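Going by UniProt numbering, the first residue of the sequence shown is number 1, and it counts up by one from there. Built from N, CA and C at the ideal position, the CB exists for glycine as well. Remember, it's a predicted structure, so these values are computed and weren't measured experimentally.
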Amino acid sequence: MATDDSRADTDAESEPATALSETELEALHEVELGLEWAQRAQGCLLEFHHATGHGMDHLCRAEAQLRAAGHDDLADAIRDDLLPHGVVDEDRWSYDILEHFQESLLAETRALEQRVRRELADGKRHVRERRQEREWKRQAGSDH
């Protein structure tokens, strides 16, 4: 998912202008991870939506085959009971759940993550990881 500032930071500009306390750094990192996990949840909902659709496609084909084989009562059960049925209740289909998640929790989490980065880290992304990367590179350089 793109963010409002998806361009990569260069090493020289990877630190916020104001130094972060360890608590602020950890909070920023936790918010970033929260967004990443919400994005993963969206992926799971997409997979659920697609799997549900594929299952319904098979049932639709089965309806036609049962009807062609003279089993109208079984075909009618698929057509009348299963195909129009929602996944949560009679009316909510998988796309409804996906869209609601994207428009509510995911969008709100993304907005909060961007706000926290702006207010704490001048909009910088992955500040903690960049520090870790520099430290590991420094350590590797000192061993050679």
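Inter-residue spacing [alpha-carbon to alpha-carbon] between residue i and residue j
i, j, result
"K137", "L20", "21 Å"
"H49", "E90", "16 Å"
"E47", "G141", "43 Å"
"A121", "L28", "8 Å"
"S104", "L98", "10 Å"
"C44", "T109", "17 Å"
"A17", "E26", "17 Å"
"D96", "G86", "9 Å"
"I78", "T52", "15 Å"
"K124", "R118", "7 Å"
"S94", "R130", "38 Å"
"E113", "W37", "12 Å"
"G34", "G55", "31 Å"
"E30", "L106", "15 Å"
Residue i (DSSP reduced to helix, strand or coil)
i, result
"K137", "helix"
"G34", "helix"
"S21", "coil"
"E15", "coil"
"E103", "helix"
"G70", "coil"
"R125", "coil"
"H49", "helix"
"D91", "coil"
Distance cut-off 7 Å: residue i Cβ against heavy atoms of the ligand FMN
i, result
"Q114", "The ligand FMN is absent from the structure shown, which contains no ligand whatsoever."
Reference residue i, options the options, closest by Cα
i, options, result
"P84", "L59, L106, A68", "L59"
"R61", "G70, T52, A51, A75", "A75"
"A81", "E15, G70, E63", "Looking at the sequence itself, residue 81 is Asp, so the reference to Ala does not match. Per the Cα distances, E63."
"E32", "R134, R115, Q132", "R115"
Supposed close pair residue i, residue j - CB separation, criterion 8 Å
i, j, result
"Q102", "Q39", "Actually they are not in contact, since the Cβ atoms of Q102 and Q39 sit about 10 Å apart, beyond 8 Å."
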